[in-house]
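Colleague: One structure follows; several queries about it will come next.
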Amino acid sequence: MDVGIVSYGAYIPRYRIVPQEIGKVWGTDGEAMSRNLYILSKSVPGPDEDVITIAVEAARGTLRRCGVDPKRIGAIYVGSESHPYAVKPTSTIVAEAIEASPNMTAADFEFACKAGTAAIQCCLGLVGSGMIEYGMAIGADTSQGAPGDALEYSASAGGAAYLIGSKNLIAKIENTVSYTTDTPDFWRREGQDYPSHGGRFTGEPAYFKHITSAAKRLLETMGTKPSDYDYAVFHQPNGKFPMRVAKQLGFTDQQIEAGLLTPFIGNTYSGAVPLGLASVLDVAKPGQRIFAVAYGSGAGSDAFDISITDGIEELDRSAAPSIRELVERKKFIDYATYAKYKNKIKLKEAIE
Amino acid sequence: MAVARFWRENASRYNLIGTKCGVCGRVYFPPRSVCPTCHRKSIGKMEPFKLKGEGEVLTYSIVHEAPSQLEMQKPYVIAIVQMDEGVRITGQIIDVELDELKVGMKVRTTLRKVSDDGAAGVIHYGYKFMPV
């Protein structure tokens, strides 16, 4: 049975802050940070936005594009490291907000930046085994970076949703493989507001090792080489890492260009590869092939081999905003406004 | 607000489920159990009716003195929106510059945080309007 993507949708909050504005506050050369990370601006959620509102907007866009009755969705999984509740699922609220409840299963996933692709894999399994007709997988985050920390220049917000099924596919998922180890490169303990990370340790033994291992395993399994793919999407904690890992694996800048969003919106964590893939799907044509590899700290990588079908021409892509439109819909804010929107200012209790 | 009281209204707050009178066809939001035009003739004939979520701004006000739940968003916009189905809804307009606001502006609903019961309390979500 062919299993794959039936529809997709995305959402990016409209607020943006530039690295120079952050650097100005902390006495750091924001210009150099921007250059070193290759991040020109990052998205910031509004004061009334969180992972639930982002996930719902992406999920509604997904359904507007394909017209599938939400009651036929048998599972909704939302991957995020910034679920608004520690206990109380994001996914049940999304299910209610798209009218998929109640005859379905739902759960929240967490695996740093790859919880969204883990959700896609679960839906593939459930659809492929015939347990459900459709599954919705969402990756979304409103990630946190401690004030003044290097992460503050990149941690942003956004998300994308995927309707996984076996009929009317716009893209067939040919195969998916993963590579998982216990690597403590980035973590956040229960109750902590901000994550901690291993600095340079997040690079070679973490991001690069896991992405290249999963990617090579997928290429070997499929008997393919990088030039067989029209597009490639890699996890993008900054603008530089995906370009470097692409080069290491033998992919070109042209192959990753369409799915490289971090320079404009920052690192959307669980939303990163789902949004990058959505950006490719916005422009992809039948017969084209996509290579996508997510990475989540802790650590693991999920790799996907995806073929675009003729069905993409039938999908009403214009029924929801394209990634380009979402990226261009922006309002720049200063650090004070950013601090207010991100709850970084200590307030009187009456205002909270 | 009590958890259960808000929860009972989730269908309306998330998905704009109102009611339609089975006698005269008028649409109401929030839902009504009796049609104020058809009175007793409408009893048992009020059907759930989902609004598409699109409409235009009929009138609006910019609020500078905010209640505590909206303190972080002031100045913010409250508008009466004429929905395509004819019913009028009061709601917040978001993601709009104040100098771009105008009567007749096309808007659509989106889900946003409306309020919460403090840092440890439940978060309430509901519709707000954004420019199309």
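Taken in sequence, the protein lines are chains A and B. With the first letter of the first sequence counted as 1, position 162 gets the number 162 in my numbering; the numbers rise by one all the way through. With the first letter of the second sequence counted as 1, position 83 gets the number 83 in my numbering; the numbers rise by one all the way through. In this text, a Cβ means the ideal position worked out from N, Cα and C, and glycines have one as well.
(1) Tell me the rounded alpha-carbon separation between residue 34(B) and residue 112(A).
(2) Using the Cα positions of residue 2(B) and residue 346(A), report the straight-line distance between them to the nearest angstrom.
(3) Please confirm if residue 49(A) has its CB atom under 8 angstroms from at least one CB of chain B.
(4) Between which residues of its own chain and residue 197(A) is the CB-CB distance below 6 angstroms, once the five residues before and five after are set aside?
(5) Compute the Euclidean distance between the alpha carbons of residue 153(A) and residue 344(A), then round it to the nearest angstrom.
(6) If contacts are defined as beta-carbon pairs under 8 angstroms, then residue 52(A) and residue 90(A) qualify, I think. What distance do you get, rounded to the angstrom?
(7) Residue range of the beta strand (DSSP E) that residue 57(B) falls in?
(8) Might you give, ordered along the chain, the residues of its own chain that have their beta carbon closer than 7 angstroms to the beta carbon of residue 238(A), omitting 5 neighbours on each side?
(9) In terms of DSSP beta bridges, what is residue 108(B) paired with?
(10) Answer with buried or exposed for residue 59(B), where buried requires no fewer than 16 other C-beta atoms within 10 angstroms of its C-beta.
(11) Looking at the strands, I want to know which residues DSSP matches up with residue 298(A).
(12) List the endpoints of the continuous beta strand (DSSP E) containing residue 44(A).
(13) Do you know whose CA, among 87(A), 32(A) and 64(A), lies nearest residue 162(A)'s CA?
(14) In chain B, what lies closer than 7 angstroms to residue 52(A) by C-beta?
(15) When you compare each of 227(A), 304(A), 159(A) and 115(A) to residue 81(A) by their alpha carbons, which one comes out closest?
(16) Using the three-state DSSP reduction, which class does residue 343(A) fall into: helix, strand or coil?
(17) So, helix, strand or coil for residue 354(A), using DSSP?
(18) By DSSP, does residue 310(A) sit in helix, in strand, or in coil?
(19) Within 8 angstroms (strictly less), CB to CB, does residue 8(B) reach chain A?
(20) Excluding five sequence neighbours on each side, which residues of the same chain lie with their C-beta closer than 6 angstroms to the C-beta of residue 122(A)?
(21) Distance cutoff 8 angstroms, beta carbons only. Does residue 117(B) sit that close to anything in chain A?
(22) If you check the beta carbons only, do residue 250(A) and residue 260(A) fall under 8 angstroms apart?
(23) Between residue 46(A) and chain C, is the shortest Cβ-Cβ distance under 8 angstroms, so that the two count as touching?
(24) Which first and last residues belong to the beta strand (DSSP E) in which residue 88(B) is found?
(25) Determine the direct distance from the alpha carbon of residue 105(A) to that of residue 125(A), and round the result to whole angstroms.
(26) Report yes if the CB atom of residue 62(B) is closer than 8 angstroms to the CB atom of residue 46(A), and no otherwise.
(27) In the DSSP assignment, find the unbroken beta strand (DSSP E) run with residue 163(A) in it and report its ends.
(28) Determine the contact status of residue 332(A) and residue 14(A), defining contact as a CB-CB distance below 8 angstroms.
(29) Could you check whether the Cβ of residue 316(A) sits closer than 7 angstroms to any heavy atom belonging to the ligand PLP?
(30) Measuring only between beta-carbons, confirm whether residue 19(B) sits less than 8 angstroms from chain A.
(31) Shorter than 8 angstroms from the beta carbon of residue 351(A) to some beta carbon of chain B?
(32) Would you check if the distance between the CB atom of residue 134(A) and the CB atom of residue 58(A) is smaller than 8 angstroms?
(33) Whole angstroms are fine: how far does the CA of residue 50(A) sit from the CA of residue 84(A)?
(34) Along the chain, where does the beta strand (DSSP E) that runs through residue 108(A) open and close?
(35) Could you tell me the distance, in whole angstroms, from the CA atom of residue 302(A) to the CA atom of residue 117(A)?
(36) Between the C-alpha atoms of residue 11(B) and residue 254(A), what's the straight-line distance to the nearest angstrom?
Modeller: Walking through what the data contain:
(1) Locating residue 34(B) in the second sequence gives position 34, where the first residue counts as 1. Locating residue 112(A) in the first sequence gives position 112, where the first residue counts as 1. In this model, residue 34(B) and residue 112(A) are separated by some 50 angstroms (Cα to Cα).
(2) Locating residue 2(B) in the second sequence gives position 2, counting from the first residue. Locating residue 346(A) in the first sequence gives position 346, counting from the first residue. Near 26 angstroms, if we compare the C-alpha coordinates of residue 346(A) and residue 2(B).
(3) In the first sequence, the residue the question calls residue 49(A) occupies position 49. At least one chain B Cβ lies under 8 angstroms of residue 49(A).
(4) The count along the first sequence starts at 1 and reaches residue 197(A) at position 197. Closer than 6 angstroms at Cβ, skipping near neighbours: 186.
(5) Numbered from 1 along the first sequence, position 153 holds the residue referred to as residue 153(A). Numbered from 1 along the first sequence, position 344 holds the residue referred to as residue 344(A). Near 15 angstroms, if we compare the C-alpha coordinates of residue 344(A) and residue 153(A).
(6) Against the first sequence, residue 52(A) aligns to sequence position 52. Against the first sequence, residue 90(A) aligns to sequence position 90. About 5 angstroms; that satisfies the 8 angstroms criterion.
(7) Along the second sequence, read from residue 1 onward, the residue named residue 57(B) stands at position 57. Start and end: 54-63.
(8) Taking the first residue of the first sequence as position 1, residue 238(A) is located at position 238. Answer for residue 238(A): 37, 38, 39, 154, 262 and 267, listed in chain order.
(9) Numbered from 1 along the second sequence, position 108 holds the residue referred to as residue 108(B). Its beta-bridge partners are 54(B) and 130(B).
(10) If you number the second sequence from 1, residue 59(B) lands on position 59. Exposed is the call here.
(11) Taking the first sequence and counting its residues from 1, the one referred to as residue 298(A) is at position 298. DSSP lists 183(A) as partners of residue 298(A).
(12) By one-based count along the first sequence, residue 44(A) stands at place 44. From DSSP, the beta strand (DSSP E) with residue 44(A) extends over 42-44.
(13) Start at 1 with the first residue of the first sequence, and residue 162(A) comes out as number 162. The candidate whose alpha carbon is nearest that of residue 162(A) is 64(A).
(14) Within the first sequence, residue 52(A) is the residue found at index 52, counting from 1. Chain-order list of chain B residues neighbouring residue 52(A): 125, by C-beta distance under 7 angstroms.
(15) Within the first sequence, the letter at position 81 stands for residue 81(A). Ranking the options by Cα distance to residue 81(A), first place goes to 115(A).
(16) In the first sequence, residue 343(A) corresponds to position 343, counting from 1. Here residue 343(A) sits in coil by DSSP.
(17) With chain A running from 1 to 352 in the structure shown, residue 354(A) is simply not present.
(18) In the first sequence, counting from the first residue as 1, residue 310(A) sits at position 310. Here residue 310(A) sits in helix by DSSP.
(19) Residue mapping note: residue 8(B) aligns to position 8 of the second sequence, counting from 1. False, the Cβ-Cβ gap to chain A never drops below 8 angstroms.
(20) Along the first sequence, one-based indexing puts residue 122(A) at 122. Around residue 122(A): 77.
(21) By one-based count along the second sequence, residue 117(B) stands at place 117. With 8 angstroms as the cut-off, residue 117(B) does not count as an interface residue toward chain A.
(22) Residue mapping note: residue 250(A) aligns to position 250 of the first sequence, counting from 1. Residue mapping note: residue 260(A) aligns to position 260 of the first sequence, counting from 1. For residue 250(A) and residue 260(A), no; Cβs fall outside 8 angstroms.
(23) The structure shown contains no chain C; its protein chains are A and B.
(24) Position 88 of the second sequence, counted from the first residue, corresponds to residue 88(B). Here the beta strand (DSSP E) through residue 88(B) covers 88-93.
(25) The sequence position of residue 125(A) within the first sequence is 125, counting from 1. The sequence position of residue 105(A) within the first sequence is 105, counting from 1. Cα-Cα distance, rounded: 14 angstroms.
(26) Mapped onto the second sequence, residue 62(B) falls at position 62. Mapped onto the first sequence, residue 46(A) falls at position 46. Not in contact: residue 62(B) and residue 46(A) (Cβ atoms no closer than 8 angstroms).
(27) Numbered from 1 along the first sequence, position 163 holds the residue referred to as residue 163(A). From DSSP, the beta strand (DSSP E) with residue 163(A) extends over 157-165.
(28) Taking the first sequence and counting its residues from 1, one reaches residue 332(A) at position 332. Taking the first sequence and counting its residues from 1, one reaches residue 14(A) at position 14. No, they are not a contact pair.
(29) Among the ligands in the structure shown, none appear at all, so the ligand PLP cannot be discussed.
(30) What you label residue 19(B) is simply residue 19 of the second sequence in a count that begins at 1. Cβ-Cβ to chain A under 8 angstroms: no for residue 19(B).
(31) As a position in the first sequence, residue 351(A) is number 351, starting the count at 1. In this predicted model, residue 351(A) has a pLDDT of only 49, less than 50, meaning its place in the structure is not dependable; the value taken from the coordinates is given anyway. Closer than 8 angstroms to some Cβ of chain B, the Cβ of residue 351(A) qualifies, so yes.
(32) What you label residue 134(A) is simply residue 134 of the first sequence in a count that begins at 1. What you label residue 58(A) is simply residue 58 of the first sequence in a count that begins at 1. The answer is no: Cβ separation not under 8 angstroms.
(33) Along the first sequence, read from residue 1 onward, the residue named residue 84(A) stands at position 84. Along the first sequence, read from residue 1 onward, the residue named residue 50(A) stands at position 50. Cα to Cα, the separation comes out at about 7 angstroms.
(34) For this step, residue 108(A) is matched to residue 108 along the first sequence. Looking at the DSSP string, the run of the beta strand (DSSP E) that includes residue 108(A) is 105-109.
(35) Translated into positions along the first sequence, residue 302(A) becomes position 302. Translated into positions along the first sequence, residue 117(A) becomes position 117. Residue 302(A) and residue 117(A): Cα-Cα distance of roughly 7 angstroms.
(36) Numbered from its first residue, the second sequence carries residue 11(B) at position 11. Numbered from its first residue, the first sequence carries residue 254(A) at position 254. The alpha-carbon atoms of residue 11(B) and residue 254(A) are separated by roughly 46 angstroms.
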